[in-house]
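Working notes for the structure below.
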Amino acid sequence: MANRIPLIAGNWKMHMTQPQTVDFLDAFIPAVADFDGVEIAVCPPFTALATAAERCKGSRVRVAAQNMHQATEGAFTGEVSAAMLTDVGAWGTILGHSERRQLFGETDEALAEKVPAALAAGLVAILCVGETEGERDRTETEAVLRRQVEADLAQLDAERFGELVIAYEPVWAIGTGKTATQDQAQEAIELIRRLIRARSAEAADGVRILYGGSVKPDNAAELLAQPDIDGALVGGASLAPGDFLAICAAAR
Ligand code: PEP
150 MANRIPLIAG
160 NWKMHMTQPQ
170 TVDFLDAFIP
180 AVADFDGVEI
190 AVCPPFTALA
200 TAAERCKGSR
210 VRVAAQNMHQ
220 ATEGAFTGEV
230 SAAMLTDVGA
240 WGTILGHSER
250 RQLFGETDEA
260 LAEKVPAALA
270 AGLVAILCVG
280 ETEGERDRTE
290 TEAVLRRQVE
300 ADLAQLDAER
310 FGELVIAYEP
320 VWAIGTGKTA
330 TQDQAQEAIE
340 LIRRLIRARS
350 AEAADGVRIL
360 YGGSVKPDNA
370 AELLAQPDID
380 GALVGGASLA
390 PGDFLAICAA
400 AR
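Heads up: the sequence shown runs through residues 150 to 401, numbered per this note's numbering.
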């Protein structure tokens, strides 16, 4: 079994101006200075990426975007490319978040191009997958995860899987206060790892798979203790430095 370093990533969504970003990071960065053995990332909106990257320089906190376009450049109003993200100092990017899939029409076909485009530019791709409440009620969770993992990674060479991070984010648990139980999260993430194993055993051992969905300081430790859960993608609780710090501490 590979030694996977836990990753705690905070998805700030459409929150945080540049001054708020600076205030957050000035409080947060010194507090995690000795958090050896945990990788930590914040994912600000595009407008605060450069500010965050500048502030995080020389610290252990990494900066990731929340989305990117698959093309290198072109007539895509409102979009940004992987090279534009690396240009402002981004280390990675979230891809396929359920809010992008549900509210902005993100498709598996686009994600199949976005994942290799991000890695080719040197970005860590944090690919989100997960079922809706209706799909879980209809016992379709396994089929949904299989479809998303297979489609979204269809164009990625198996030897690059180790550079990828996958976040299992059950849609019914995002921003709802409902958290998957540790058994539900472990079961789904174990399945995702099995799907990766079908492409490459080495990649399955190396790829980090996070849980996301109402992770809070009081439930983080039990989720992170599961054998296949390699960290957390945190939404609401990543906006308060103290809460995010407590979740990072739970991963140590
Ligand atoms: C998310 O947006 O990725 C997320 C997990 O949000 P929350 O923690 O607020 O449920």
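Glycine included, C-beta positions come from ideal geometry on N, C-alpha and C.
Setting aside the 5 residues that flank it on each side, E262 is surrounded in the same chain by Q219 and Q304, each with a C-beta closer than 8 Å to its C-beta; the list follows chain order.
For the set A307, G283 and V278, the Cα lying nearest the Cα of L294 is the one of V278.
For the pair of segments examined, the stretch 320-339 was found to touch the stretch 355-363: the number of CB pairs separated by less than 8 Å reaches three. Around the beta carbon of Q335, a 10 Å sphere encloses 16 or more other beta carbons of the protein chains shown; the residue is thus reported as buried. With a threshold of 16 other beta carbon atoms within 10 Å, F225 falls short and is exposed. Distance check between M217 and each of G207, E339, S230 and I345 places S230 closest, using alpha-carbon atoms only.
By DSSP's assignment, E188 forms a beta bridge with L156. CA-CA distance, A400 to T330, rounds to 17 Å. The shortest CA-to-CA distance from A274 to any of T196, L340, L302 and L344 is the one to L302. L340 and E291 do touch by the CB rule: their CB atoms are close to 6 Å apart, below 8 Å.
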